[in-house]
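*Asks:*
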Amino acid sequence: MDEQIAKLKEWVDTSDNIVFFGGAGVSTESGIPDFRSVDGLYNQQYKYPPETILSASFFHSEPKEFYRFYRAKMLALDAEPNAAHKKLAEWESQGKCRAVVTQNIDGLHQKAGSKEVLELHGSVLRNYCMRCRKPYDVRDIAAGTGVPKCTCGGIIKPDVVLYEESLDSYTINKSVEYIRNADILIIGGTSLAVYPAAGLIDYYRGDKLVLVNKSETPADRRANLVIHAPIGQVFSQL
Ligand code: CNA
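According to the numbering used here, the residues represented by the sequence shown are 22 to 259, in order.
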């Protein structure tokens, strides 16, 4: 393990073109549960699996139940960035990290100071009325109960890409561009099970593909460096 971390440090120290691709595992050390770990949301008792509740059809047919789950499990407004978020922001300010491409919706990369953050699945921090597009602060959503409504009577929806919805094409294209041109691609805290997001790593053409994940992923075999450990712990040593 120490050897692998030393190798990663050597690569990072000499690069000015690192791109990071991450998922929910990046934020578990900040206290936000992921989907697929043993203590993740899939293994908690809910009437429906998270991917059903977080789908567009469920949102439209059962908005009250959607918001009950969403407020309890997806809003973690007091969570703070951990060592992984902070290190990536530091690398960006040093001109080493070009972009963070994330599947997360928690805003923690920006809270840590990262600027070039491509949010493939949107953000809980932005919310808008589906009828008149008026924006709403996430604190309004968190503080309320039931289905949040706009002053015009429309339903407020988080700016989150729900299952069954398509990803924003500008965000995808930008992500592809960064990944395709990256010197080092670090993939961290993701099961790589959710498509099309996970497919973006296929655009990487370099020879420094790094995987930092607690459990195995489908990309382990083609990675040039694999570290199975908590990402905050690993990044705090870089
Ligand atoms: P996932 O499928 O739950 O996978 C998480 C992966 O991270 C697993 O392979 C874990 O082994 C690994 N992991 C967990 N903790 C750590 C850690 N500390 N260090 C290293 N690895 C760790 O999550 P994905 O992101 O792959 O799935 C995509 C979904 C989950 C996206 O659509 C997200 O929007 C959604 N999600 C986001 C959040 C968030 O924004 N924080 C929380 C929960 C789910």
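We put the beta carbon where it would ideally sit given N, CA and C, even for glycine.
For VAL33, which three-state DSSP category applies?
*Replies:* It is helical.
*Asks:* Please state whether the Cβ-Cβ distance between GLN254 and GLU50 is less than 9 angstroms.
*Replies:* In contact: GLN254 and GLU50 (Cβ atoms closer than 9 angstroms).
*Asks:* Is the beta carbon of ASN234 within less than 8 angstroms of some heavy atom of the ligand CNA?
*Replies:* Checking every heavy atom of the ligand CNA against the Cβ of ASN234, one is found closer than 8 angstroms.
*Asks:* Measure from the alpha carbon of CYS118 to the alpha carbon of each residue in ASN202, LYS132, GLU86, then state which is nearest.
*Replies:* The shortest Cα separation from CYS118 among ASN202, LYS132, GLU86 belongs to ASN202.
*Asks:* Using only alpha-carbon positions, find the residue among ALA110, PRO156, LYS155 that is nearest to SER135.
*Replies:* Ranking the options by Cα distance to SER135, first place goes to ALA110.
*Asks:* Taking 8 angstroms as the line, does the beta carbon of HIS106 fall inside it for any heavy atom of the ligand CNA?
*Replies:* No, since every heavy atom of the ligand CNA falls outside the 8 angstroms radius drawn around the Cβ of HIS106.
*Asks:* Expressed to the nearest angstrom, what Euclidean distance is found between the alpha-carbon atoms of ARG242 and ASP204?
*Replies:* Taking the straight line joining both Cα atoms gives about 19 angstroms.
*Asks:* Using a 10 Å radius around the Cβ and a threshold of 16 neighbouring Cβ atoms, would you call GLY167 buried or exposed?
*Replies:* That one is exposed.
*Asks:* Contact between the stretch 32–40 and the stretch 66–83: three or more CB pairs below 8 angstroms?
*Replies:* The stretch 32–40, when compared against the stretch 66–83, does not touch it at the 8 angstroms Cβ threshold.
*Asks:* In the DSSP output, which residue or residues are listed as bridge partners for THR192?
*Replies:* Answer by DSSP bridge pairing: none, since THR192 is not bridged.
*Asks:* Helix, strand or coil: how does DSSP classify GLU113 here?
*Replies:* GLU113: helix per DSSP, three-state reduction.
*Asks:* Buried or exposed: where does ASP127 fall if 16 or more other Cβ atoms within 10 Å of its Cβ makes it buried?
*Replies:* Looking at its Cβ environment, which holds 16 or more other Cβ atoms inside 10 Å, ASP127 is buried.
*Asks:* Can you tell which of VAL40, TYR91, ILE200 has its C-alpha closest to the C-alpha of ALA164?
*Replies:* It is TYR91.
*Asks:* Mind checking which residues open and close the beta strand (DSSP E) that includes ASP180?
*Replies:* Note, ASP180: beta strand (DSSP E), 177–181.
*Asks:* Which residues mark the beginning and the end of the alpha helix (DSSP H) in which TYR149 is found?
*Replies:* Looking at the DSSP string, TYR149 is not in any alpha helix (DSSP H); the run it does join, the beta strand (DSSP E), is 143–150.
*Asks:* Answer yes or no: the CB of ASN125 versus the heavy atoms of the ligand CNA, is any distance below 8 angstroms?
*Replies:* ASN125: yes, Cβ under 8 angstroms from the ligand CNA.
*Asks:* For VAL231, verify whether its CB is less than 8 angstroms away from any heavy atom of the ligand CNA.
*Replies:* Flag unset: Cβ of VAL231 not near the ligand CNA.
*Asks:* Taking the alpha-carbon positions, what's the ASP99 to VAL159 distance?
*Replies:* The straight-line gap from Cα to Cα measures roughly 12 angstroms.
*Asks:* Given GLY44, which residues of its chain have a CB within under 6 angstroms of its CB, disregarding the five upstream and five downstream residues?
*Replies:* GLN124, GLY210, THR211, listed in sequence order.
*Asks:* Would you verify that the beta carbon of GLY52 is, or is not, closer than 9 angstroms to some beta carbon of chain D?
*Replies:* Absent here is chain D; the protein component of the structure consists of one chain.
*Asks:* Tell me the rounded alpha-carbon separation between LYS170 and VAL231.
*Replies:* Looking at the two C-alpha atoms, the distance is approximately 44 angstroms.
*Asks:* Less than 8 angstroms between the CB of SER187 and some heavy atom of the ligand CNA, yes or no?
*Replies:* No.
*Asks:* The ligand CNA and ILE252: does any heavy atom of the ligand fall closer than 8 angstroms to the residue's C-beta?
*Replies:* Correct: ILE252 has its Cβ closer than 8 angstroms to the ligand CNA.
*Asks:* For ARG160, which three-state DSSP category applies?
*Replies:* ARG160 falls in the helix class under three-state DSSP.
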